[in-house]
Each structure stands twice: as structure tokens, then as C-alpha cells.
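Take a look at the structure below.
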Amino acid sequence: MMQVGALPAAKKRFGQNFLVQPYIVERIMDAIRPDRQDVLLEIGPGPGALTQKLLQALDHLTVIELDRDMIPGLEALAIPGKMTILQADALKVDFARLGDSDKSLRVVGNLPYNVATPIIFHILESVERIQDMHFMLQKEVVERMVAAPGSKTYGRLSVMIQAWCEVESLFTVGPGNFFPAPKVDSAFMRLLPCKPVLLTDYLRPAFTRIVTSSFAQRRKTIANNLRGIFSAEQLQSLDIDPSCRAETLDQAAFFRLAEAFAEQGSQQ
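Count the sequence shown with our numbering and you get residues 16 to 283, in order.
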């Protein structure tokens with residue numbers, strides 16, 4: 016384990032929990048398997064435990080760090096020409112403009128729990144540029160992302176993220192691998208954007224509206240949650256049982272609903 020005394024102070028407002036276990040860093044590297052020519056971005060490098068390994072494996076690395084106090088330490092790791100350091104909020108970075116425009120982006124990060132999901136959806140706005148994403152997140156959030164229809168953890172987040180990506184939980188990481196130790200387990204996950212993109216610009220607003228409305232009240236039927244959007248007869252015509260709950264519907268069902276809703280809007 017890295018020497019805790021050498022680490023900068025973690026700041027609660029940034030949700031910082033620094034990864035300090037070299038074994039976990041090696042597992043992350045094995046999962047990513049970076050090629051020297053990859054255009055790879057690391058979000059929230061902190062003191063640079065993973066950054067050091069990535070620099071050894073890549074010709075060039077870009078890191079995005081919000082905390083100004085982390086920048087000097089990262090600069091000390093940098094080899095001239097091998098690392099670009101962006102002191103910025105990942106939620107405000109235009110990922111479509113980063114790196115070589117002819118190459119796909121690979122993104123990795125130990126994301127703060129409080130903004131992890133917004134960051135992922137922000138990156139997905141530039142999904143055409145993304146090859147893959149690997150993130151350390153709160154285990155509970157990862158379980159919701161990978162959940163299948165019918166499970167207790169399947170919900171709005173599951174449907175929305177799986178409309179964009181294939182999602183895989185790779186391994187669990189206990190609190191003792193971080194400093195300060197979080198109060199919950201973490202999990203390292205992989206997201207592979209669907210190719211071609213299923214959630215097109217045309218379909219996106221309708222899909223978001225349908226999924227949000229469908230899970231508005233989990234105990235209610237899909238007919239009740241979508242009242243005013245679809246009648247029971249319309250749901251049946253889409254091969255959806257009006258008496259079922261949203262948590263039982265698969266991705267294909269939500270896409271049918273969204274396509275029908277988008278078509279309704281285009282005819283008005």
C-alpha cells in the first residue's frame with residue numbers, strides 16, 4: 016500500500032477517496048489493457064496511483080483533475096510530451112474535442128460518488144468518439160446499471176445506461192483499498208457503447224420521457240404511469256401488458272414505446 020502520509024488531504028466537497036492499493040491498480044490495468052497508441056483520458060487522477068502505470072503503458076495520457084491542489088503532484092509525474100493535464104470540471108469538458116479527432120477515446124477514472132452518474136451521461140453526449148469507458152463507482156450504483164428486468168435493482172438508471180452501452184461489472188473493491196476509506200464497497204466496471212448508436216438524436220428525448228415516466232412510481236402499472244401518453248389499447252398494440260410494471264419490461268419494450276411516442280410527436 017502507498018504511504019498514506021505522502022498523500023494530499025482528501026476534500027469532502029470533491030468526494031475524494033484515493034486509491035492506495037497497488038494490487039487494485041494492477042487489476043485495473045489488466046482490465047483496460049492499454050495499447051501504446053491509445054487516446055486515453057483519466058478523470059480524477061488524484062495523487063496519481065493509476066496515472067503512473069498508465070504513463071508507463073502509453074505514448075501519451077490526458078488527465079482531467081478538478082482539484083487545483085493535485086496539479087503540482089501530477090506535474091511531478093509528467094514526462095515532457097507524454098502527459099496533458101487539464102485542470103477542469105469533467106462535467107464541463109467537451110469530450111468530442113479531446114485528443115486526435117480521427118481516433119476513438121478510451122476513458123478511465125475513479126469517479127466521485129456524488130457526480131459519477133452525471134459525468135457518465137455527459138461523456139455519452141459524445142458517444143460517437145468513445146471506444147470504451149472503465150470506472151470505479153459505488154458498488155450499489157454499478158449493480159443498478161447492470162441490473163436485468165425483474166430484479167429489485169432494475170430501474171430508470173439500468174434502462175437509460177443500457178440503451179447507450181453494454182455494461183459489465185468487473186470486480187468489487189473493499190473500502191480498505193482507499194484513503195480515506197469510504198463507508199461502502201466500490202466496483203470497477205466497463206461500458207462499451209453500442210455500435211451503431213441505438214439512442215439517436217431523434218429518439219433520445221422520447222426515450223428519456225418514457226423511461227422517466229414509466230418508473231415515476233414503481234408500484235404502479237405501466238398503464239398508470241404512462242396515462243396521458245398511451246391508452247391501454249395502444250400499449251397492447253405495442254405488445255405490452257398494461258397491467259405490468261416498468262421493472263418487468265426489457266430494453267426492446269422501452270424502445271418500442273419511445274419510437275411510438277416520437278412518432279406521435281412528429282404527427283402533431
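Glycine included, each C-beta is placed from N, C-alpha and C at the ideal position.
Bridge partners - residue i, DSSP secondary structure assignment
i	result
isoleucine 58	Ile79 and Gly124
methionine 85	DSSP output for methionine 85 lists no bridge partner at all.
glutamine 102	Glu80
cysteine 180	Pro208
methionine 15	As shown, the chain starts at 16 and ends at 283. That puts residue 15 outside it, with no answer to give.
phenylalanine 150	Gly124 and Met204
isoleucine 225	None, per the DSSP bridge assignment.
isoleucine 145	Leu120
leucine 70	The partner list for leucine 70 (beta bridge, DSSP) is empty, contrary to what the question assumes.
phenylalanine 34	Residue identity differs from the one stated: residue 34 is leucine in this sequence, not phenylalanine. DSSP output for leucine 34 lists Phe193 as bridge partner(s).
threonine 168	Paired residues: none, contrary to the question.
phenylalanine 186	Phe203
Close Cβ partners of residue i (< 7 angstroms) along its chain, the five nearest in sequence each way excluded
i	result
leucine 120	Val54, Leu56, Phe110, Leu113, Gly114, Arg144, Ile145 and Gln146
alanine 287	Residue coverage of the chain in this structure runs from 16 to 283, which leaves residue 287 outside it and unanswerable.
alanine 277	Tyr217, Leu218 and Ala221
glutamine 232	Asn240
arginine 159	Thr168, Gly170, Leu172 and Ser173
leucine 207	Asp147, Cys180 and Glu181
lysine 118	Val54
valine 40	Leu34, Ala64, Leu65 and Lys68
leucine 126	Ile58, Gly59, Ile134, Phe150, Met151 and Leu152
glutamine 102	Glu80, Arg83 and Ile86
Through-space distance from residue j to residue i, alpha-carbon basis
i	j	result
arginine 219	aspartate 104	25 angstroms
lysine 235	tyrosine 169	15 angstroms
phenylalanine 29	isoleucine 100	The predicted model places phenylalanine 29 with a pLDDT of 45, which falls under 50 and marks its position as unreliable; any figure quoted below should be read in that light. Using only the alpha carbons, I get a separation of about 18 angstroms.
arginine 205	leucine 250	34 angstroms
valine 108	histidine 75	19 angstroms
alanine 273	methionine 85	44 angstroms
threonine 227	leucine 92	44 angstroms
threonine 187	glutamine 279	44 angstroms
histidine 149	isoleucine 237	33 angstroms
proline 60	valine 199	20 angstroms
arginine 1	alanine 131	Nothing about residue 1 can be reported from this structure: the residues present for the chain run from 16 to 283 only.
lysine 68	methionine 151	16 angstroms
leucine 264	arginine 271	11 angstroms
alanine 275	valine 78	42 angstroms
threonine 66	cysteine 209	28 angstroms
glutamate 262	tyrosine 128	24 angstroms
methionine 175	valine 161	11 angstroms
glutamate 80	glutamine 153	19 angstroms
glutamate 248	proline 62	58 angstroms
arginine 224	glycine 165	21 angstroms
glutamate 183	glycine 124	15 angstroms
leucine 70	serine 141	25 angstroms
valine 122	arginine 242	40 angstroms
alanine 32	tyrosine 38	Residue 32 is actually asparagine in this sequence, not alanine. So the two alpha carbons sit approximately 16 angstroms from each other.
CB contact flag (residue i, residue j, <8 angstroms)
i	j	result
alanine 172	histidine 137	According to the sequence shown, residue 172 is leucine rather than alanine. Taking 8 angstroms as the Cβ cut-off, leucine 172 and histidine 137 do not qualify as a contacting pair.
isoleucine 244	isoleucine 134	no
isoleucine 43	phenylalanine 203	yes
leucine 89	alanine 64	no
arginine 48	leucine 73	no
alanine 46	leucine 185	yes
Assigned exposure category for residue i - 16 Cβ within 10 Å defines buried
i	result
isoleucine 94	exposed
valine 156	buried
serine 258	exposed
serine 246	exposed
cysteine 180	buried
proline 211	exposed
serine 229	buried
alanine 163	exposed
leucine 139	buried
serine 201	buried
Close Cβ partners of residue i (< 6 angstroms) along its chain, the five nearest in sequence each way excluded
i	result
isoleucine 255	Ala268
proline 190	Ala196 and Pro197
Beta-carbon proximity list for residue i, same chain, < 8 angstroms, skipping 5 on both sides
i	result
glycine 96	His75
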